[in-house]
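S.K.:
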Amino acid sequence: MPLSAGAMIMQLDQFRKYYNHTIHPELVRLDRKRMRFIRLLLIAVLLFGAVVVFEIYVRIFVLSLLLMLILGVYMSFVIYRMRKFIREFKPHVVRLVLDFIDDQPLFGELEYKPKGKIPLKRFLSSGIFSLGEAVYEGEDYITGRIGDIEFEMCELLVRETSRVRARLDDVFKGIFIHAVFRHPARGRLLVLPRDEMPLMTESLRNLVANGGQCLDDHIPEEEFLGRFTVYGTRDARLSALLPQELREFLTQYRRQSKIYLSIIGQHIFVAITNEKDILEPNVLRSNVSFELVREFYEDIASGLYVVRAIDVSH
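Read left to right, the sequence shown gives residues 40 to 353 (the numbering used here).
In structure tokens, the structure reads:
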């Protein structure tokens with residue numbers, strides 16, 4: 040995988056060409072299918088109105104009831120097909136995106152399970168988030184390999200019971216990546232968005248209790264420190280675990296999304312927030328949009344870029 044921002048831009052250009060050639064025609068086909076459902080629903084609404092008018096003027100209850108039953112079966116069928124379309128839309132598009140990614144250099148074949156997720160225990164082992172009583176939901180589980188690195192990722196929605204109100208508070212929503220290095224890194228490192236520090240006190244307290252300390256004084260870039268804080272153990276080599284090009288990349292990426300990074304021995308964890316329902320189809324308007332697909336691709340590519348950059352430098 041290329042290890043420069045310029046190379047990533049070039050890769051995005053390649054993805055745009057792939058989108059135009061492969062994904063766009065498929066989105067157009069799916070959009071025609073969506074429009075058919077809309078027309079069928081409109082017909083159902085018109086028929087319902089006609090049955091109501093028929094009952095008002097003719098007043099043949101048995102016949103009206105029979106027509107309503109037939110119409111109910113018809114509408115149930117249309118709604119079932121529409122729900123099936125919504126349920127299958129995202130996995131279909133995700134597989135097309137993954138076909139592009141696993142054709143890139145160093146990638147092995149990617150496996151995809153729409154209903155799978157990273158286990159809660161592994162999520163917590165990252166040390167990024169601390170949870171009380173939580174609701175842990177996930178989908179779009181992807182596994183694969185980049186060179187010697189095995190990785191897994193999925194979309195997560197993690198919520199916990201509020202300590203002050205009778206409700207669930209969002210802890211994390213976005214893409215979570217776990218990768219395993221062939222050779223373990225020295226030390227432990229935790230990189231957090233600076234504006235999230237008030238919510239991360241438990242995570243920082245746990246790291247400090249295990250020999251961690253603030254390493255911000257060892258980071259020369261003021262812009263990076265304006266967006267992130269870095270904690271780690273004394274034996275952590277910042278030049279290897281957080282090289283300059285990666286700091287520059289994180290600084291740029293932080294402008295559009297929050298990103299968290301944790302390195303523990305052979306394990307690296309990357310969490311990228313995204314408040315949107317990525318690749319979820321809209322029934323009432325067209326889904327033929329490069330931006331709809333680009334955002335999903337960029338989240339995956341950015342997370343894997345971080346993993347690959349650290350593997351090369353350490």
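Note that the Cβ used here is the ideal one computed from N, Cα and C, for glycine as well.
Keep in mind the model is a prediction, meaning the values are calculated, not measured.
Counting C-beta neighbours from all protein chains within 10 Å, is the total for THR268 16 or more, i.e. buried, or is it exposed?
M.R.: buried
S.K.: By how many angstroms is the C-alpha of VAL174 removed from the C-alpha of ARG204?
M.R.: 16 Å
S.K.: With VAL117 and ASP179 assumed to form a contact (beta carbons below 8 Å), what rounded beta-carbon distance in angstroms separates them?
M.R.: About 27 Å; that fails the 8 Å criterion.
S.K.: Determine the direct distance from the alpha carbon of ILE298 to that of PHE128, and round the result to whole angstroms.
M.R.: 27 Å
S.K.: Output needed for GLY45: all residues of its chain with C-beta closer than 6 Å, excluding positions within five of it in sequence on either side, in chain order.
M.R.: Confidence is the limiting factor: at GLY45 the pLDDT is only 48, short of 50, which leaves the residue's position unreliable, though a coordinate-based value still follows. Excluding residues within five positions, none has a Cβ falling inside 6 Å.
S.K.: Give every residue of the same chain whose Cβ lies closer than 7 Å to the Cβ of GLY342, excluding the five residues on either side of it in the sequence, and list them in chain order.
M.R.: Cβ-Cβ distances below 7 Å link GLY342 to MET192, ILE214, ILE216, VAL309 and ILE311 in the same chain, with the five nearest sequence neighbours on each side left out; the list follows chain order.
S.K.: Does the Cβ of PHE100 have 16 or more other Cβ atoms within 10 Å, making it buried, or fewer, making it exposed?
M.R.: exposed
S.K.: Return the chain-ordered list of same chain residues with a C-beta closer than 8 Å to the C-beta of ILE157, the five sequence neighbours on each side being excluded.
M.R.: Result list for ILE157: GLY177, TYR180, GLU191, MET192, CYS193, LEU195, PHE215 and HIS217, in chain order.
S.K.: State the DSSP-derived secondary structure class of SER242, mapped to helix, strand or coil.
M.R.: helix
S.K.: Classify PRO259: buried if its beta carbon has 16 or more other beta carbons within 10 angstroms, exposed otherwise.
M.R.: Flag for PRO259 reads exposed.
S.K.: Rounding to the nearest angstrom, what Cα-Cα distance links VAL351 and PRO64 in this structure?
M.R.: 37 Å
S.K.: Report the CB separation of LEU289 from PHE263 in whole angstroms; it is logged as a contact under 8 Å.
M.R.: Contact between LEU289 and PHE263 holds, since their C-beta atoms are separated by about 7 Å, short of 8 Å.
S.K.: Can you tell me the Cα-Cα spacing of ASP316 and ARG122, whole angstroms?
M.R.: 16 Å
S.K.: Could you say which of ASP274, SER328, SER296 and GLN53 lies nearest to ASP304 if we only look at CA atoms?
M.R.: Note on identity: in this sequence residue 304 is Gly, with Asp being the wrong assignment. Of ASP274, SER328, SER296 and GLN53, the residue nearest in Cα terms is ASP274.
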